[in-house]
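Taken in order, these protein sequences are the chains called A and B. Under full-length UniProt numbering, the residue at position 47 of the first sequence is numbered 47, and the numbers go up by one with no gaps. Under full-length UniProt numbering, the residue at position 177 of the second sequence is numbered 177, and the numbers go up by one with no gaps. Every residue gets a Cβ at the ideal spot worked out from N, C-alpha and C, and that includes glycine. Notes follow once the structure below has been shown.
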Amino acid sequence: MTPPLVAIRNVAVAFGPFKALRGVSLDVAPGQVLCLIGASGSGKTTLLRTVNQLVPVDGGAIYVDGELLGRRREGDTLHVLSEAEVARQRMSTGMVFQRFNLFAHMTALQNVMEGPVQVQRRRPAEARAEALELLARVGLADKAGNYPAQLSGGQQQRVAIARALAMKPKLMLFDEPTSALDPELVGEVLAVMRELARSGMTMMVVTHELGFAREVADQVIYMDAGAIVEAGPPAQVLGSPREARTRAFLSAVISSPAKERA
Amino acid sequence: MSDGTIGLVAAGFDDLSELETARRTHWGRWAAAVLIVAALALLVRAFAQGQIEWDYVGRFLTVPVIVSGIVATVEMAVCAMALGIVIGVAVAIMRLTPNPVLRGVAAGYTWLFRGTPVILQLLLWFNLALVFPTIGIPGVWSARAVDVMTPFFAALLGLGINQGAYTSEVVRAGLLSVDQGQYEAAQTIGMGRLQALRRIILPQAMRVIIPPLGNEFIGMVKTTSLASVIQYPEVLHNAENIYYANSRVIELLIVAGLWYLAVVSVLTPLQMLLERRFARGVARGRG
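So, in structure tokens, the structure goes:
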């Protein structure tokens, strides 16, 4: 069996007295799509954010491609990594935010080129050609010169996906990528994500789009109160959940039709 | 029924499109304008009949001493503001780091230089030789403090370091105005703190920073006049020197005042140009 690309072991996170994660463990195999579902406050976004170290873990360990995140082990001692080393580790992980977070003072093309040119120090001409290719891949070749404020939410999110892909990440993280979108714009973003999943990208997706999870995910995890309640293939977790809490959550989501799309 | 009407609408409610709308007469505005014009006319008459030799104003407006004075004023304002901005950006970044030592140093600096009058700081720098007769780096370079602390250098340090304390708060407000998500996005593409600040946060903060900074710069142009107390030859200092000799006090103060007004009037459109430059991606509507 190939080793997992992401291995999360007994991860705990606390914000003051609030325990956001209480010992979560899971694996994501290379090329797999993992969908995390659960109510707000269940810890699914926090878990995602620990994987690229936007949230530091208070306990447990995370490995990406075999490398321990945030710390270095020397014998029986762990040393906290420097900011530069953390920045290097982050580069192997692409992140897509709920609110897009495109750089507002840069065009779509400049947003996509920024990482390759400024961080990876690649030649601008080469990075530009690749960025244009990526924008074409997300269907926005004609919007390269537009500023984020001139784009719709769905277009902004697709630029954000292209920006993350420009770093050639091994893993893509999606934090509710369609939750801030108008209903008619959700489909175009999900289509890009579907194509990305088919191309073999390893993905962890926090989502309320159960249709997307059912269709694309290899594994669905239902979280509640900072812990994994149920995990398995989508047919099982979404189709015939074993846990009462999962069933209650699913029936609540499905009864609000706006949430069931794609 | 006219076009664009869906269904039936009740009769008897005319759309009034034939009628003209009469403009309101603003009696209050007219009355105020008349009063102000009358007051201005009285003021002009008073000054025309007063003890002011207006031809002196015209004659001294462009004498070399005054022109070199306004050049020195602008020079000092630009240099001191540049120093203030460099210090201000550095201190603002220091105040927002997680490093408690840097935060403490930055807070202490702001407290000290905002808490004392700038004229006192100018006098302290200018008289530094009383404390340290020689200054320098041990073994590398040293000089007599009176030679180093020229009026220009003392004014630059006094005004620039004081300005840095104010500018740091302006810059800090600008940095805080940028959404935290921008910083997170910069982190996820592998940027470190300083790179994210330089490439992502500061350029967006500039939009918020420039209007108050323009304000500060206009203040600086006028604050340079305080440097006259340490013999810096700016325009007010030179105007004073002339009226000490010829006793045309008011005439020369008017000359200096006109020059200050001229410089400040030029700055305002410059600020608008800068604002437009940094409004990229924000001011435009959706395409």
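- Comparing C-alpha distances from E240(B) to each of F126(B), F60(B), W141(B) shows the shortest one belongs to F60(B).
- In the same chain as P234(A), and ignoring 5 residues on each side of it, the C-beta atoms closer than 6 Å to its own belong to A213, R214, A217, V220, in chain order.
- For P117(B), there are no neighbours in chain A by C-beta distance under 7 Å, as the nearest C-beta there is about 39 Å away.
- Taking C-beta atoms as the reference points, T224(B) and A31(B) fail to come closer than 7 Å.
- With respect to the 7 Å criterion, G69(B) and E251(B) are not classified as neighbours on the basis of their beta carbons.
- Judged by their CB atoms, V112(A) and A131(A) are nearer to each other than the 7 Å cut-off.
- For R72(A), the enclosing beta strand (DSSP E) begins and ends at 71 to 74.
- Apart from the 5 residues on each side of it in sequence, A165(B) sits with its Cβ closer than 6 Å to the Cβ of T110, F113, R114 in its chain, given in chain order.
- If you ignore the 5 residues before and after A256(B), its C-beta comes within less than 7 Å of the C-beta of V235, L236, A239, all in its own chain and listed in chain order.
- Under the criterion of beta carbons closer than 8 Å, D65(A) and K168(A) do not qualify as touching, at roughly 13 Å.
- Chain-ordered listing is empty here: chain A has no CB closer than 7 Å to the CB of Q121(B), the nearest sitting near 36 Å.
- The three-state secondary structure of Y232(B), taken from DSSP, is coil.
- S17(B) and T25(B) have their C-alpha atoms roughly 22 Å apart.
- Going by DSSP, Q219(A) is part of the beta strand (DSSP E) stretching over 219 to 224.
- Contacts with chain B (Cβ-Cβ distance below 8 Å) from the stretch 66 to 98 of chain A involve E83, A84, A87, R88, R90, M91, T93, G94, M95, F97, listed in chain order.
- The C-beta of D55(B) has fewer than 16 other C-beta atoms within 10 Å across all chains shown, which makes the residue exposed.
- Boundaries of the beta strand (DSSP E) around G23(A): 18 to 28.
- Taking 7 Å as the cut-off, the Cβ atoms of P203(B) and H79(A) do not count as close.
- Burial check for Q163(B): the Cβ neighbour count within 10 Å reaches 16 or more, so the residue is buried.
- Of the residues W141(B), I218(B), M149(B), the one whose Cα lies closest to the Cα of L128(B) is M149(B).
- Taking every protein chain shown into account, the CB of D76(A) has fewer than 16 other CB atoms within 10 angstroms, so this residue is exposed.
- A direct Cα-Cα distance of roughly 16 Å separates F13(B) from I6(B).
- Taking a C-beta cut-off of 7 Å against chain A, none of the residues of the stretch 249 to 279 of chain B qualify.
- Apart from sequence neighbours up to five positions away, the residues of its chain that approach M81(B) with a beta-carbon distance below 7 Å are Q163, F217, M220, ordered along the chain.
- Think of a sphere of 7 Å around the beta carbon of P148(A): the chain B residues whose beta carbon falls inside it are G281, in chain order.
- Taken through DSSP and simplified to helix, strand or coil, I254(A) comes out as helix.
- Just so you know, the alpha carbons of A20(A) and I8(A) end up roughly 15 Å apart.
- Chain-ordered, the chain A residues with CB closer than 8 Å to the CB of P203(B) read H105.
- T202(A) sits buried, since 16 or more C-beta atoms from the chains shown fall within 10 Å of its C-beta.
- Neighbourhood of L54(A) in chain B, by CB distance below 9 Å: E184, Q187, T188, in chain order.
- Beta-bridge pairing by DSSP links T202(A) to L171(A).
- Residues of the stretch 181 to 202 of chain A whose Cβ lies closer than 8 Å to any Cβ of chain B: none.
- For the options R90(A), A129(A), L81(A), the alpha carbon positioned closest to that of L173(A) is the one of R90(A).
- For E275(B) and A155(B), the gap between their C-alpha atoms comes out near 29 Å.
- By alpha-carbon distance to V253(A), the top candidate from E230(A), P241(A), H208(A), D224(A) is H208(A).
- F249(A) and Q157(A) do not touch by the CB rule: their CB atoms are close to 25 Å apart, not below 8 Å.
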